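FYI, in numbering that gives the first Met the number 0 the residues of the sequence shown are 0 to 354.
The C-beta atom is built at its ideal place from N, Cα and C for all residues, glycine as well.
Here the structure is a predicted model, which is why all the values come from computation and not from measurement.
Read the structure below first, then the notes.
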Amino acid sequence: MNYRVENLRKKLEERELDAILISTPENRRYISGFTGSAGYLVVSRDDAILATDFRYTEQAANQSPDFQVVRAGGDWSWLLECLKEHNTGKMGFESQQMTVAAYRQISESLQDLPSTGRPTLMATSGVVEGLRTIKDQDELALLQKAIDTADAAMEAVTPTIQPGETERELAWRLEKAMRELGADSLSFDTIVAAGPNGAMPHHMPSDKVIQSGEPIVIDMGAKVGGYCSDLSRTVCAGEPDDTFRRIYDIVLGSQLTAIATVKTGMSAGDADDLARVVIAEAGYGDNFGHSLGHGVGLFIHEYPRVGPKSPNTLEEGMVFTVEPGIYLSGWGGVRIEDIVLLGKDGAKVLSKAGK
Ligand code: ZN
């Protein structure tokens with residue numbers, strides 16, 4: 000049995016659950032290896048079941064040899080069949096993902112079971128997500144591919160930016176480059192924010208024409224093998240002005256300080272502060288309004304949350320972004336973002352795009 004299933008079983012024991020119903024697609028993929036777009040897992044102390052529909056049963060059997068694959072129709076009868084065979088006392092479900100409608104359907108279906116064999120549904124959150132915070136070698140290899148793809152696209156396209164092209168045109172060129180370099184898809188919609196638009200951290204590319212000398216915030220990511228990358232650079236077509244140089248140096252100093260000093264055992268809130276004090280001391284504390292970073296993996300945003308007051312503790316094997324920024328209304332913004340892997344000796348920067 001694969002060790003991810005074994006690790007999940009340890010979690011079930013800790014939480015005093017007999018089984019868990021997994022409905023989050025990324026968690027399903029992580030635990031079973033099955034990459035199809037539909038399906039559920041039921042993992043108990045002894046069994047591992049993957050339910051999916053007719054389109055995917057063959058693929059599921061190939062990708063998930065450790066799982067018993069059952070064919071699911073449009074209802075929950077497959078679940079009832081499983082539960083009839085295996086007596087399950089407490090069955091967890093993923094409360095942050097399951098819809099109210101699905102929960103009601105399952106609860107109603109369970110009424111068809113004799114009361115002695117009827118499991119109690121227990122709301123859980125973060126069970127598989129907790130396991131996913133520490134990346135294994137297979138995950139790191141895929142993450143690196145996703146990171147390399149975005150790096151290469153950034154490096155190929157940014158030297159060719161011309162004043163006169165629009166944000167949308169530039170975003171498209173970046174997206175095309177990522178796909179041509181091997182991305183399966185994008186981690187999220189590419190952000191290109193030129194001039195004053197850069198003051199909005201998540202501005203969507205518009206028909207605004209890029210002017211010579213203004214800051215251009217680019218934030219993008221490639222998805223490879225299910226894993227997301229996330230990369231921000233702030234560049235300039237033409238000569239940057241003094242404000243650009245001053246703000247850029249502060250943000251870069253803040254980012255490099257955090258990367259150089261973040262350590263295992265630190266709370267993620269303290270890690271956020273490493274970068275935040277540099278920006279605050281330069282007088283721009285109020286202009287850095289978002290978190291320093293976030294875990295990244297199968298989800299673009301996952302644990303650990305690296306922000307003020309985050310209760311997460313940073314551990315060896317975690318992968319997260321370090322992305323401070325300064326945003327000045329009317330002028331624009333600067334954000335610089337890399338992905339790091341936390342090891343015993345500190346953070347290793349996985350992104351290679353020039354800064
Ligand atoms: Zn990010």
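8 Å Cβ cutoff met for T159 and A182: By one-based count along the sequence shown, residue 159 stands at place 160. By one-based count along the sequence shown, residue 182 stands at place 183. Their beta carbons are not under 8 Å apart, which means T159 does not touch A182 by this criterion.
Cα-Cα separation, E322 to R244: Taking the first residue of the sequence shown as position 1, residue 322 is located at position 323. Taking the first residue of the sequence shown as position 1, residue 244 is located at position 245. Spanning the two alpha carbons is a distance of roughly 18 Å.
Validate contact between the stretch 264-272 and the stretch 103-122 using beta carbons, cut 8 Å, 3 pairs: no
heavy atom of the ligand ZN below 7 Å from D150 C-beta: The sequence position of residue 150 within the sequence shown is 151, counting from 1. Not under cutoff, so the answer is no.
Exposure of T23, with buried meaning 16 or more beta-carbon neighbours within 10 Å: As a first step, residue 23 must be located in the sequence shown, where it is residue number 24. So T23 ends up on the buried side.
Limits of the unbroken beta strand (DSSP E) element including A18: Taking the first residue of the sequence shown as 1, we reach residue 18 at position 19. Counting along the chain, the beta strand (DSSP E) containing A18 begins and ends at A18 to I21.
H202 CB to nearest heavy atom of the ligand ZN below 7 Å: In the sequence shown, counting from the first residue as 1, residue 202 sits at position 203. It does not: the Cβ of H202 is nowhere closer than 7 Å to a heavy atom of the ligand ZN.
Near the ligand ZN: D229 beta-carbon under 7 Å from a heavy atom: One-based indexing of the sequence shown puts residue 229 at position 230. Checking every heavy atom of the ligand ZN against the Cβ of D229, one is found closer than 7 Å.
Beta-carbon proximity list for E238, same chain, < 8 Å, skipping 5 on both sides: Start at 1 with the first residue of the sequence shown, and residue 238 comes out as number 239. Excluding residues within five positions, the ones whose Cβ falls inside 8 Å are S211 and G212.
Beta-carbon proximity list for T119, same chain, < 8 Å, skipping 5 on both sides: If you number the sequence shown from 1, residue 119 lands on position 120. Cβ neighbours of T119 beyond the five flanking positions: G88, K89 and M90.
With 16 other Cβ atoms within 10 Å as the buried cut-off, status of S231: Mapped onto the sequence shown, residue 231 falls at position 232. Flag for S231 reads buried.
Residue closest to I190, alpha-carbon to alpha-carbon, out of S184, R178, S205 and E179: Mapped onto the sequence shown, residue 190 falls at position 191. Comparing Cα-Cα distances from I190 to each of S184, R178, S205 and E179, the minimum goes to S205.
Contacting residues, own chain, Cβ-Cβ under 7 Å from G353 (five flanking each side not counted): Position 354 of the sequence shown, counting from 1, holds the residue named residue 353. If we look at G353 and ignore the five residues flanking it on each side, its Cβ neighbours are E154.
Start-end ranges of the alpha helix (DSSP H) lying completely within the stretch 86-122, minimum 4 residues: 99-109
S94 burial status per 10 Å Cβ neighbour count (16 or more: buried): Sequence index remark: in the sequence shown, residue 94 carries index 95 (1-based). Result: exposed.
D45 to T312 span [Cα, whole Å]: Taking the first residue of the sequence shown as position 1, residue 45 is located at position 46. Taking the first residue of the sequence shown as position 1, residue 312 is located at position 313. Roughly 32 Å between the two C-alpha positions.
Residues near K207 by beta carbon distance below 8 Å, same chain, minus five either side: Here residue 207 is taken as the residue at index 208 of the sequence shown, counted from 1. Hits under 8 Å: T165, E166, A193, G194 and N196.
H289 beta carbon near the ligand COA (any heavy atom closer than 7 Å): Looking at this structure, you won't find the ligand COA anywhere; what it does contain is the ligand ZN.
Proximity winner among V318, V156, R131 and I278, relative to V261 (alpha-carbon distances): Residue numbering aside, residue 261 sits at position 262 when the sequence shown is read from its first letter. Here the closest residue by C-alpha is V318.
Expected contact under 8 Å - CB spacing of I335 and I246 to nearest Å: The residue labelled residue 335 in the question sits at position 336 within the sequence shown. The residue labelled residue 246 in the question sits at position 247 within the sequence shown. That belief does not hold up - the Cβ atoms of I335 and I246 are roughly 11 Å apart, past 8 Å.
Nearest-angstrom Cα separation, counted from D52 out to S76: Here residue 76 refers to the residue found at position 77 when the sequence shown is read from its first residue. Here residue 52 refers to the residue found at position 53 when the sequence shown is read from its first residue. Taking the straight line from one Cα to the other gives about 12 Å.
Closer than 7 Å: E301 CB and nearest the ligand ZN heavy atom: As a working mapping, residue 301 is identified with position 302 in the sequence shown. The answer is no for E301.
First and last residue of the uninterrupted alpha helix (DSSP H) at G268: Indexing the sequence shown from 1 puts residue 268 at position 269. Counting along the chain, the alpha helix (DSSP H) containing G268 begins and ends at A267 to E280.
Inter-stretch contact at 8 Å, needing at least 3 Cβ pairs: the stretch 217-234 / the stretch 302-316: no
Paired residues, beta bridge with E336 - DSSP: Sequence index remark: in the sequence shown, residue 336 carries index 337 (1-based). Beta-bridge pairing links E336 to S231.
Cβ-heavy atom distance, T320 to the ligand ZN, below 7 Å: Locating residue 320 in the sequence shown gives position 321, counting from the first residue. T320 Cβ: within cutoff of the ligand ZN.
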